[in-house]
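A.B. asks:
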Amino acid sequence: MIVSLVADPSATPVYELPANVAMLIPVPLWGTEEVLELQRGLSLRQVLQRKRSAPADVICSQFLPSFRIFLRLLWGTIPEPELLGQILLAMAAYFEQHDYDATMRSQPVWDCFLEESTRGYQQTGTTLGVDRPATLLDATDAMRLLYRWLTILTVSIPPVDVVHAAAAGLCSVPGILASQTQRTAFLLTEHGVYLRERLLALTRAEGSWFDQLFQARFAQCITEASYFYADQIAPGSNYNHRWELYNGAQRGRIKTIYNGPDPRKFTPVVNHKPAGAAPTIVWLGRIDPLKDLETLIRAAAMVHQEMSEVRFVLYGKAPKGNEWYYEKCRALRDELGLQETLIFGGFAASAEAAYNEGDFVVLSSISEGFPYSVVEAMMCGRTVVGTDVGGVSEALEGCGLVVEPRNPAEMAAACLRLLRDPELTRKLGHQAREKALAQFSLQQCNAAYLASYQRLATAARSHSFQSHEFAQQEVPLQKSESLATPHTSPAFAVRELVNE
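Under this note's numbering, the letters of the sequence shown match residues 509 to 1008, in that order.
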């Protein structure tokens, strides 16, 4: 069974479901007037009964105590993930009997939210030296977000052996709940670091201080609860351990499982270019600020000054909402006079063909988990120049070049090194393919998850999770990561993380 958080109720599946998926439950966070719209099995009489199930006295006596504690935890500075999980469970139990919309839109709930959030923001502002008062509009916008986010508490999950969450955000809430009420194991995968990426997004947002602090605290509290209740945390790279441990994860419950593509779909093309053809450098991915294409474009300009014949081909499209970033990148390219040098190739019909088009591949991201694009390029026998973020250095150790993020000069120097030494490029590409086949295949990834499912399901039935903890290699915190101080400030990185 798959529970999918989607943007709106009109979203349709992109992929055909495999035969072993018995049920798909889409949960739209937006695009509905009321949560009852999702419960289509209810008759009109049942809908009316639900609507009448949340009078003010019931809300005040049965919901507000939990909701008030939830808000105090949200704005607090001391992490209490176990208590937060218990409060989420209490609110979910309330919504099993009482109408979500009538409750969350009631005057008592609004008054409670306004009171606790105003107090919490003032205390936080004092800690951070922020003297900007919250406005009624700030509180209204935050309550609207919370109304949407907490709809996940109304989703009923039937008894299962394992709940597997794809990130430490809202999608982990069913795991937090099920781990307390059923003999259910909770497996948490983190391809990237959800909390880090949320904070990076907030640094680019134009919201008020109240809005940024509210969203940062919500993300952190849910992340801490996810780590606390997860029986196994499966990051996509060892890099993620640092953030997970810093935010309360138990070392013994962390076991890295690398993402892996199917080797049959990514093979090298030998002698792929005619003699005398211009050297080509390929980038493939989602056109997004986290991919930092501006650094790549500036590096391309530096390469062009040294070797004017080199072409850069960038494959990918901007997802909805990021069109502005694509236009910004095109404008920068034109400003630097690279119209004939750097080409936006659009969506690549074949990733394998795109990688093989290049002499080597580049990745300029400022945030990654364990990127498929790097491993796919490696399987195609292509050397990769990648930024030192996430698990990139783990993948490229011994078979690629790693450069500092946001450093066009360093990226350009690495590209020029490979362009001037074809034998080194060929050698590293061969080593990259051998490493990818040995360590990062789809088959290895699937086998690791199957083993985790079986182990966790068995442990859940016998309540013996502690016997299934994993011995982990010590992963020291880097200096640049020490800026995260979540246990002393609710907005621990909104202003500073952009430099990490």
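Glycine is no exception: its CB is placed at the ideal position from the N, C-alpha and C atoms.
Within a Cβ cutoff of 7 angstroms, which residues of the same chain sit near T788, ignoring the five residues on either side of it in sequence?
C.D. replies: Excluding residues within five positions, the ones whose Cβ falls inside 7 angstroms are R819, V821, E865, G866, D867.
A.B. asks: By Cβ distance, which residues of its chain are closer than 8 angstroms to L596, with the 5 residues on each side in sequence left out?
C.D. replies: Correct list, in chain order: F578, L661, V681, I684, L685, A733.
A.B. asks: At the level of alpha carbons, what is the spacing between N746 and L537?
C.D. replies: Cα to Cα, N746 sits roughly 32 angstroms from L537.
A.B. asks: Can you give me the Cβ contacts of E588 inside the same chain, cut-off strictly under 7 angstroms, excluding the 5 residues immediately before and after it?
C.D. replies: So the list reads L581, once near-sequence residues are dropped.
A.B. asks: Tell me which same chain residues have a C-beta within less than 6 angstroms of the C-beta of Y834, skipping the five on either side of it?
C.D. replies: Excluding positions up to five away in sequence, the list reads I795, A826.
A.B. asks: Hey, A738 and R761 are a contact pair by Cβ (cut 8 angstroms); roughly how many whole angstroms apart?
C.D. replies: At roughly 7 angstroms, the Cβ-Cβ gap stays under 8 angstroms, so A738 and R761 are in contact.
A.B. asks: Buried or exposed: W832, going by 16 or more other Cβ atoms within 10 Å of its Cβ?
C.D. replies: When all chains shown are included, W832 counts as exposed.
A.B. asks: Helix, strand or coil for A757? Go by DSSP, reduced to three states.
C.D. replies: Three-state DSSP puts A757 in coil, outside helix and strand.
A.B. asks: Among the residues of its own chain, which have a CB less than 8 angstroms from the CB of M599, if the five just before and after it don't count?
C.D. replies: Only F571, S574, F575, F578, L658, L661 meet the Cβ criterion.
A.B. asks: Under 8 angstroms, with one C-beta from each stretch per pair, do the stretch 740-759 and the stretch 691-701 reach the 3-pair mark?
C.D. replies: A contact exists between the stretch 740-759 and the stretch 691-701.
A.B. asks: Are I533 and S512 close, meaning C-beta to C-beta below 8 angstroms?
C.D. replies: Taking 8 angstroms as the Cβ cut-off, I533 and S512 qualify as a contacting pair.
A.B. asks: Would you check if the stretch 633-653 and the stretch 671-678 touch, i.e. whether three or more CB-CB distances between them fall below 8 angstroms?
C.D. replies: No, because fewer than three Cβ pairs between the stretch 671-678 and the stretch 633-653 fall closer than 8 angstroms, the two stretches do not touch.
A.B. asks: Going by DSSP, name the residue or residues bridged to A673.
C.D. replies: Looking at the DSSP assignment, A673 forms a beta bridge with L696.
A.B. asks: Starting from Q947 and walking both ways along the alpha helix (DSSP H), at which residues does that stretch end?
C.D. replies: From DSSP, the alpha helix (DSSP H) with Q947 extends over 930-947.
A.B. asks: Could you check whether P776 and V883 sit closer than 8 angstroms to each other, using their CB atoms as the reference points?
C.D. replies: Against a cut-off of 8 angstroms, the Cβ pair of P776 and V883 comes out as no contact.
A.B. asks: I'd like to know whether the C-beta atoms of T891 and L936 end up nearer to each other than 8 angstroms.
C.D. replies: A contact, by the Cβ cut-off of 8 angstroms.
A.B. asks: Look at G744 and F878 and say whether their C-beta atoms are less than 8 angstroms apart.
C.D. replies: Taking 8 angstroms as the Cβ cut-off, G744 and F878 qualify as a contacting pair.
A.B. asks: Compare the beta carbon distance of L945 and P667 with 8 angstroms and say whether it is the shorter of the two.
C.D. replies: No; because the gap between Cβ atoms is not below 8 angstroms, this pair is not in contact.
A.B. asks: Going by other Cβ atoms of all chains shown within 10 Å of its Cβ, with 16 needed for buried, is K987 buried or exposed?
C.D. replies: Below a pLDDT of 50, predicted positions are generally treated as unreliable, and K987, at 32, falls in that range; no measurement from the model is reported.
A.B. asks: Count the other CB atoms, across all protein chains shown, that sit within 10 Å of the CB of V529; report buried if there are 16 or more and exposed otherwise.
C.D. replies: Answer is exposed; the Cβ neighbour count stays below 16.
A.B. asks: Please report the straight-line C-alpha distance between I728 and G584, rounded to a whole angstrom.
C.D. replies: Before going further, note that residue 728 is Gln rather than Ile in the sequence given. Between Q728 and G584, the C-alpha separation is close to 11 angstroms.
A.B. asks: Pull up the distance between the alpha-carbon of N954 and that of I741, whole angstroms please.
C.D. replies: Rounded to the nearest angstrom, the two C-alpha atoms are 16 angstroms apart.
A.B. asks: Return the CA-CA distance between E604 and A920, expressed in angstroms with no decimal places.
C.D. replies: Rounded to whole angstroms, E604 to A920 spans 58 angstroms at the Cα level.
A.B. asks: From L985 to Q720, what does the alpha carbon distance come to, in whole angstroms?
C.D. replies: Because L985 sits at a pLDDT of 39, beneath the cut-off of 50, its placement in the model cannot be relied upon, and the point is left open.
A.B. asks: Excluding five sequence neighbours on each side, which residues of the same chain lie with their C-beta closer than 6 angstroms to the C-beta of I567?
C.D. replies: Here the set comprises T611, S614, P616.
A.B. asks: To the nearest angstrom, how far is the alpha carbon of R560 from that of E542?
C.D. replies: For R560 and E542, the distance between alpha carbons rounds to 15 angstroms.
A.B. asks: Based on the DSSP output, what are the partners of L909 in its beta bridges?
C.D. replies: Looking at the DSSP assignment, L909 forms a beta bridge with V893.
A.B. asks: Could you tell me the alpha carbon to alpha carbon distance between A839 and N748, rounded to whole angstroms?
C.D. replies: When rounded, the distance between both Cα atoms is 34 angstroms.
A.B. asks: Whole alpha helix (DSSP H) runs in the stretch 601-655 with 4 or more residues, listed along the chain?
C.D. replies: Here the runs fully enclosed are 608-612, 615-636.
A.B. asks: Comparing alpha-carbon positions, which option in S875, P521, R963 lies nearest K799?
C.D. replies: When only C-alpha atoms are compared, the closest one is S875.
A.B. asks: In chain order, what residues of the same chain have a beta carbon less than 6 angstroms from the beta carbon of T803, not counting five sequence neighbours either side?
C.D. replies: Counting only Cβ-Cβ distances below 6 angstroms, and skipping sequence neighbours, we find S872, R914, P916.
A.B. asks: Please tell me whether S970 and L695 are closer than 8 angstroms, where the distance is taken between their beta carbons.
C.D. replies: For S970 and L695, no; Cβs fall outside 8 angstroms.
A.B. asks: Tell me which residues share the same chain as T849 and place their Cβ nearer than 6 angstroms to its Cβ, disregarding the 5 neighbours each side in the sequence.
C.D. replies: Excluding residues within five positions, the ones whose Cβ falls inside 6 angstroms are H812.
A.B. asks: Would you please state the rounded distance, in angstroms, between the beta carbons of A724 and L708? I believe it to be under 8 angstroms.
C.D. replies: That belief does not hold up - the Cβ atoms of A724 and L708 are roughly 11 angstroms apart, past 8 angstroms.
A.B. asks: From R627 to L654, what does the alpha carbon distance come to, in whole angstroms?
C.D. replies: Going from the Cα of R627 to the Cα of L654 covers about 17 angstroms.
A.B. asks: If you count every other CB in all the chains shown that lies within 10 Å of the CB of G908, and 16 or more means buried, which is it?
C.D. replies: Buried is the call here.
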